[in-house]
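S.K.:
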Amino acid sequence: MTVSKSPTLEVVKMSVPETVNSGQDVTLSCDYNLGQATLYHIKWYWKGREFYRYEPKMVPNKAHFVLPHFKVDLSKSGPNKVVLLDVTPEQSGPYSCEVSSDAPYFYTFMKSANMKVSKSPILEVVKLSVPQTVKSGQDVTLTCEYNLGQATLYHVRWYWKGQEFYRYEPKMVPNKVHFVLPHFKVDIAHSGPTEVTLKDISAEQSGSYKCEVTTEAPLFKNYQKKATMNVTTN
Numbered sequence: 001m002t003v004s005k006s007p008t009l010e011v012v013k014m015s016v017p018e019t020v021n022s023g024q025d026v027t028l029s030c031d032y033n034l035g036q037a038t039l040y041h042i043k044w045y046w047k048g049r050e051f052y053r054y055e056p057k058m059v060p061n062k063a064h065f066v067l068p069h070f071k072v073d074l075s076k077s078g079p080n081k082v083v084l085l086d087v088t089p090e091q092s093g094p095y096s097c098e099v100s101s102d103a104p105y106f107y108t109f110m111k112s113a114n115m116k117v118s119k120s121p122i123l124e125v126v127k128l129s130v131p132q133t134v135k136s137g138q139d140v141t142l143t144c145e146y147n148l149g150q151a152t153l154y155h156v157r158w159y160w161k162g163q164e165f166y167r168y169e170p171k172m173v174p175n176k177v178h179f180v181l182p183h184f185k186v187d188i189a190h191s192g193p194t195e196v197t198l199k200d201i202s203a204e205q206s207g208s209y210k211c212e213v214t215t216e217a218p219l220f221k222n223y224q225k226k227a228t229m230n231v232t233t234n
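Every letter in the sequence shown is one number past the one before it in UniProt numbering, and letter 197, counting from 1, is 197.
#1: Please list, in chain order, all residues of the same chain as N114 whose beta carbon is under 6 Å from its beta carbon, the five residues on each side excluded.
#2: Return the CA-CA distance between G149 and V231, expressed in angstroms with no decimal places.
#3: K186 to L198, Cα distance in whole Å?
#4: Please report the residue range of the beta strand (DSSP E) in which I42 lies.
#5: What's the call for H69, buried or exposed, on a 16-neighbour Cβ count within 10 Å?
#6: Spatial neighbours of S4 within its chain, please: C-beta separation below 8 Å, excluding the five flanking residues on both sides.
#7: For R49, which of E55, L67, A37 and T194 has the nearest alpha-carbon?
#8: Once DSSP output is grouped into helix, strand and coil, what is the label at A113?
#9: For K76, which three-state DSSP category applies?
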């Protein structure tokens with residue numbers, strides 16, 4: 001009589017980030033060893049509630065089970081991973097990966113890990129100061145005050161009628177740049193991260209002005225605010 005060894009089944013590595021920021025997309029991975037066995041299914045749980053399953057013989061072979069706040073990217077999920085979109089603090093807690101082999105063994109192995117989803121740093125434009133009316137020939141300073149919370153500034157961009165004319169980017173060399181537009185004369189020396197100064201303004205520069213603030217990786221959050229300025233010739 002020959003006695004065969006049972007196929008090995010183990011979760012070799014489970015990767016769940018300990019801490020992430022809300023709004024991020026997060027990949028949870030589960031590497032396993034089936035030995036000589038065949039995969040029956042992979043199940044993912046959050047606090048004991050199943051939210052994703054991969055089963056090779058199932059049609060389709062991937063399924064997302066609805067839970068509040070959970071958005072699963074099925075196109076990027078598979079037998080070894082599941083991708084969560086736009087995570088929220090409510091999704092903090094224990095995550096479990098359950099691997100089961102097919103007949104005749106139906107062995108099951110489970111591994112768990114915790115993930116904390118922190119609130120994203122605040123990003124808001126607190127105040128946008130653009131004069132409603134100015135006279136042509138004046139120098140005008142436009143200001144944009146913002147709150148980044150704990151985030152880092154990536155860049156500040158200024159637009160006129162949707163066309164960028166000034167950018168401040170701390171890591172750029174030089175960190176201030178003026179994009180050429182007809183009639184626009186930017187005083188780079190008196191412009192910075194929260195303001196831009198326009199020299200000898202003309203009536204043609206009337207219109208909508210927009211300040212766009214963007215935070216650095218990994219968030220790349222974006223906030224915009226608009227205001228209108230009228231340049232008179234009187």
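Every residue gets a Cβ at the ideal spot worked out from N, C-alpha and C, and that includes glycine. From a predicted model like this one, the values you see are computed outputs, not experimental measurements.
M.R.: From the atom records:
#1: Numbered from 1 along the sequence shown, position 114 holds the residue referred to as residue 114. Correct list, in chain order: P94.
#2: The residue you call residue 149 lines up with position 149 of the sequence shown. The residue you call residue 231 lines up with position 231 of the sequence shown. One C-alpha to the other measures close to 35 Å.
#3: Stepping through the sequence shown from its first residue, residue 186 is reached at position 186. Stepping through the sequence shown from its first residue, residue 198 is reached at position 198. With the sequence shown as reference, residue 186 is identified as Val, and Lys is not the correct amino acid for it. Straight-line Cα distance between these residues: approximately 5 Å.
#4: Looking up residue 42 in the sequence shown gives position 42. Residues L39 to W46.
#5: The sequence position of residue 69 within the sequence shown is 69, counting from 1. H69 should be labelled exposed.
#6: Here residue 4 refers to the residue found at position 4 of the sequence shown. With a pLDDT of only 43 at S4, under 50, the local geometry of the prediction cannot be trusted, and no value is derived from it.
#7: On the sequence shown, position 49 is the one that residue 49 refers to. The option with the nearest alpha carbon to R49 is L67.
#8: By one-based count along the sequence shown, residue 113 stands at place 113. It is a strand residue.
#9: Position 76 of the sequence shown holds residue 76. Looking at K76 - three-state DSSP - the assignment turns out to be helix.
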